[in-house]
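Everything on this sheet refers to the single structure shown next.
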Amino acid sequence: MKREEIVAFHNVHKSHHLGEVEIKALRGISFSVKSEKFTFIVGKSGSGKSTLLNLIGAIDSPTYGEITINGIKINSLSDDKLSDFRAKHIGHIFQNFNLMPVLNVYENIEYPLLMINEKKEIIIKKVSDMIDAVGLKGLEKHIPSELSGGQRQRVAIARALVKEPSLVLADELDFLDEIDKDEGTFVEEKSSVDIRSKLNFQINDDQDDDVILFLHLGKHE
Ligand SMILES: Nc1ncnc2c1ncn2[C@@H]1O[C@H](COP(=O)(O)OP(=O)(O)OP(=O)(O)O)[C@@H](O)[C@H]1O
Ligand SMILES: [Mg+2]
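For the sequence shown, our numbering assigns the number 45 to the initial residue and increments by one for each residue that follows.
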């Protein structure tokens with residue numbers, strides 16, 4: 045796979061509408077992210093980090109501009125193709141985790157593999173390996189409301205990584221608290237070695253297109 049520009053934004057605008065009010069969350073953003081890099085997007089609360097991540101994750105579409113992910117221009121895809129694209133390529137750890145409240149730990153982590161029609165034996169192996177990796181063994185049958193905040197976050201991480209997506213999007217992970225605050229939103233690439241050492245789970249080194257985007261900061265203080 046081409047190692048450059050796993051994510052490319054060209055003059056992307058995104059407005060949200062609250063009744064009559066238009067909130068211009070992103071105003072003409074252009075940037076690219078190379079594969080095999082960990083990239084942080086840092087900015088204060090309300091600066092547009094989650095908005096940006098939702099566009100990369102193809103769960104929202106831009107008001108204007110062009111977005112290319114994994115070489116695919118995602119703005120021009122139909123809704124069906126877009127869902128397919130998300131299921132295959134994107135692991136998204138949401139700011140509020142978005143776990144399915146009626147599904148237990150095992151079922152939440154299994155879900156993305158069912159979406160891509162993975163084989164039953166492979167599902168069983170991958171889900172239990174992932175549960176081990178994030179330290180949730182013994183909690184398989186618990187539903188999210190029976191877990192602590194940190195445990196829920198680990199389910200969300202496991203659910204995002206279990207299908208080995210080419211792009212992992214992580215919105216505000218706790219262990220990145222030490223990064224300096226700054227005004228506005230910007231993108232900064234960091235050496236993957238630094239970041240890997242901070243993760244308490246292993247990311248598959250064989251993947252040649254591993255990218256993690258971490259969103260950080262902007263806590264509502
Ligand atoms: N669904 C929405 N409807 C209306 N306005 C929205 C919506 N989502 C976000 N916004 C607005 O867009 C701006 C950017 O919000 P966003 O959630 O992207 O910020 P953020 O940088 O992720 O903040 P935080 O660090 O607090 O999570 C804010 O002014 C917010 O109020
Ligand atoms: Mg946010």
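Even for Gly, the Cβ is constructed at its ideal location relative to N, Cα and C.
Specify, as a first and last residue, the run of the alpha helix (DSSP H) that residue i falls within.
| i | result |
| --- | --- |
| Ser94 | Lys93 to Ile100 |
| Ile153 | Val149 to Met159 |
| Gly194 | Gly193 to Leu205 |
| Lys170 | Lys164 to Ala177 |
Is any heavy atom of ligand 2 found at a distance shorter than 7 Å from the C-beta of residue i?
| i | result |
| --- | --- |
| Lys195 | It should be pointed out that residue 195 corresponds to Gln in this sequence rather than to Lys. Every heavy atom of ligand 2 is 7 Å or more from the Cβ of Gln195, so no. |
| Asp104 | no |
| Lys93 | yes |
| Asp215 | yes |
To the nearest angstrom, how far is the alpha carbon of residue i from that of residue j?
| i | j | result |
| --- | --- | --- |
| Asn148 | Gln195 | 12 Å |
| Phe53 | Gly182 | 42 Å |
| Ser127 | Val77 | 22 Å |
| Lys117 | Gly109 | 11 Å |
| Asp124 | Asp176 | 33 Å |
| Ile67 | Leu143 | 28 Å |
Check whether the Cβ of residue i sits closer than 7 Å to any heavy atom of ligand 1, and report yes or no.
| i | result |
| --- | --- |
| Gly90 | yes |
| Ala69 | yes |
| His270 | Any answer about residue 270 is impossible in this case: the structure gives the chain only from 45 up to 265. |
| Gly72 | no |
| Gly115 | no |
Please name the residue, chosen from the options, that lies closest to residue i on a Cα-to-Cα basis.
| i | options | result |
| --- | --- | --- |
| Tyr145 | Ser91, Lys163, Arg130 and Ile187 | In the sequence as displayed, the identity of residue 145 is Pro instead of Tyr. Of the candidates Ser91, Lys163, Arg130 and Ile187, the one whose C-alpha sits nearest the C-alpha of Pro145 is Ile187. |
| Ser105 | Ala177, Gly87, Arg130 and Arg198 | Arg130 |
| Glu162 | Val206, Phe53, Ser76 and Ala102 | Val206 |
| Lys93 | Phe138, Ser122 and Asp128 | Phe138 |
| Glu49 | Ile134, Leu121, Gly193 and Ile111 | Ile111 |
Please list the terminal residues of the continuous beta strand (DSSP E) segment that includes residue i.
| i | result |
| --- | --- |
| Phe129 | Segment Asp123 to His133 is the alpha helix (DSSP H) holding Phe129; no beta strand (DSSP E) there. |
| Ile111 | Tyr108 to Ile113 |
| Lys78 | Counting along the chain, Lys78 falls outside any beta strand (DSSP E), and DSSP gives it neither H nor E. |
| Asp215 | Leu211 to Asp215 |
Report, in whole angstroms, the separation of the C-beta atoms of residue i and residue j, which I expect to be a contact under 8 Å.
| i | j | result |
| --- | --- | --- |
| Val199 | Leu191 | 7 Å |
| Ile134 | Gly101 | 5 Å |
| Leu96 | Ile85 | 6 Å |
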